[in-house]
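One structure is given below, encoded as structure tokens.
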Amino acid sequence: MQITGVTQHHVSQPLEDSFGPNWIPGYPQGSHEAEVFEIETDAGITGVTASPSFAGGLDYATPLSLFLQGEDPHDVEGIMRKLETVDLIGPRPWHLELALWDIVGKDAGKPVYELLGGSDDPIRAYASTGEVQPADERIEYVQERVDEGFEAVKLRIAERSDLDVVRAVREAFPDLTLMVDANKGWAVRVMEEETQWSVAEAEAVARELADIGGIEWFEEPLPRHDYAGYARLRDAAEVPIAGGEFNGGPQELYEFLGRDAVDVLQPDAALVTGIKRAVEVAGAARNQGVRFVPHTWTNAIGFAANLHVMAAVGADWCEFPHDPPWTPEAWSAPIHGEFAADGTVTPPQGPGLGVELNRDLLEGDR
Ligand SMILES: [Mg+2]
Numbered sequence: 001m002q003i004t005g006v007t008q009h010h011v012s013q014p015l016e017d018s019f020g021p022n023w024i025p026g027y028p029q030g031s032h033e034a035e036v037f038e039i040e041t042d043a044g045i046t047g048v049t050a051s052p053s054f055a056g057g058l059d060y061a062t063p064l065s066l067f068l069q070g071e072d073p074h075d076v077e078g079i080m081r082k083l084e085t086v087d088l089i090g091p092r093p094w095h096l097e098l099a100l101w102d103i104v105g106k107d108a109g110k111p112v113y114e115l116l117g118g119s120d121d122p123i124r125a126y127a128s129t130g131e132v133q134p135a136d137e138r139i140e141y142v143q144e145r146v147d148e149g150f151e152a153v154k155l156r157i158a159e160r161s162d163l164d165v166v167r168a169v170r171e172a173f174p175d176l177t178l179m180v181d182a183n184k185g186w187a188v189r190v191m192e193e194e195t196q197w198s199v200a201e202a203e204a205v206a207r208e209l210a211d212i213g214g215i216e217w218f219e220e221p222l223p224r225h226d227y228a229g230y231a232r233l234r235d236a237a238e239v240p241i242a243g244g245e246f247n248g249g250p251q252e253l254y255e256f257l258g259r260d261a262v263d264v265l266q267p268d269a270a271l272v273t274g275i276k277r278a279v280e281v282a283g284a285a286r287n288q289g290v291r292f293v294p295h296t297w298t299n300a301i302g303f304a305a306n307l308h309v310m311a312a313v314g315a316d317w318c319e320f321p322h323d324p325p326w327t328p329e330a331w332s333a334p335i336h337g338e339f340a341a342d343g344t345v346t347p348p349q350g351p352g353l354g355v356e357l358n359r360d361l362l363e364g365d366r
């Protein structure tokens, strides 16, 4: 089998309301955008993948064709050796590898997790928010998720004072598992810069979280390349420290592991590793007792890929993005149907990634 071409589509779906993601400070997000790629083969099998997009996105299908045309998509390792250099001339390569697995799975008639030796046992899902909101609104939101069956929710904080929201949610839901994400690892600084904390300031926040209790992890309290800072914080903090969702590739994840810098490693297959490297990193993490819980907040195709990884490696939580107007329906826009969770989630059962593109939404070739 040979790859014959690459097609890129820009997908943009308006959100019902403006959304204020904690990782793009000050930016009123009005749509869900993705760059969707189809990798075509001479066998008539097409693999799909997607990357997050912003303000109309960047075109790169033409240079990608140079890297991919004529390759056998089953040679995931060989192709990744080439694609690992794509970032020298443009985009990150990791999301493209997902389409190779989609082809391999479709060719074998099996879902990707099965090819990787995983199981379709339900994975615990936590409802993941994206905005910092006032306490009363958050309590209402959490009640809705609890009613749906969720036993864990991730809250966002941008400033130390946002801990008041975490405290209020804890008081209203004494037994709920809470994750807390400060989004200090990276931010898109198109409007404002994110507030950053020194290690001492992050330690002070971690102490408050320990007092609040029932904190599953404290996520991205420091910049994503401050491995030494993460290691110091992890030493000092009583709450588990998490990071790695949007680092610059697998090598940086091994840096976290080598420096004993996190309790929970969270690389997103669509952003940092691809599927094969994610499974490798998960094994290395397990060897030293570090939990592996991928970030999933991109779009339904990225979510599916991460779900196959989780099913393959036995991750103990799945991030389920849900913070209206950023609903599962909104982030599932690139595919037919939508992902759902009620406290657990299972990987798609169809061949490959198990998702089908919503062609009504594709804006045409780029
Ligand atoms: Mg995060």
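Counting with UniProt numbering, you get residues 1 to 366 for the letters of the sequence shown. The C-beta atom is built at its ideal place from N, Cα and C for all residues, glycine as well. Here the structure is a predicted model, which is why all the values come from computation and not from measurement.
If you reduce the DSSP assignment to three classes, tell me which class residue i lands in.
i: Thr-195; result: coil
i: Lys-106; result: helix
i: Thr-346; result: coil
i: Asp-323; result: strand
i: Ala-228; result: helix
i: Ser-161; result: helix
i: Pro-351; result: coil
i: Asp-181; result: strand
i: Trp-297; result: coil
i: Arg-189; result: coil
i: Ser-332; result: coil
i: Leu-357; result: strand
i: His-74; result: coil
i: Trp-23; result: coil
i: Ile-45; result: coil
i: Pro-134; result: coil
i: Leu-15; result: strand
i: Glu-151; result: coil
i: Pro-63; result: helix
Tell me, to the nearest whole angstrom, how far the beta carbon of residue i is from that of residue j; I am working on the premise that it is less than 8 Å.
i: Gln-2; j: Asp-42; result: 5 Å
i: Pro-221; j: Val-205; result: 7 Å
i: Leu-353; j: Ala-305; result: 6 Å
i: Pro-294; j: Ala-315; result: 7 Å
i: Ile-39; j: Ala-99; result: 4 Å
i: Gly-244; j: Leu-271; result: In fact, because the Cβ distance is near 10 Å, the residues do not count as touching under 8 Å.
i: Trp-217; j: Ala-242; result: 4 Å
i: Gly-20; j: Pro-28; result: 6 Å
When we look at the beta-carbon of residue i and count the other beta-carbons within 10 Å, is it buried (16 or more) or exposed?
i: Val-190; result: exposed
i: Gln-8; result: buried
i: Val-153; result: buried
i: Gly-258; result: exposed
i: Thr-62; result: exposed
i: Val-188; result: exposed
i: Arg-81; result: exposed
i: Ser-198; result: exposed
i: Pro-73; result: buried
Which runs of the alpha helix (DSSP H) spanning at least 4 residues fall entirely within the region 250 to 314, listed in chain order? Those alpha helix (DSSP H) runs which fall completely within the region 250 to 314 and span 4+ residues are 250 to 258, 274 to 287, 300 to 313.
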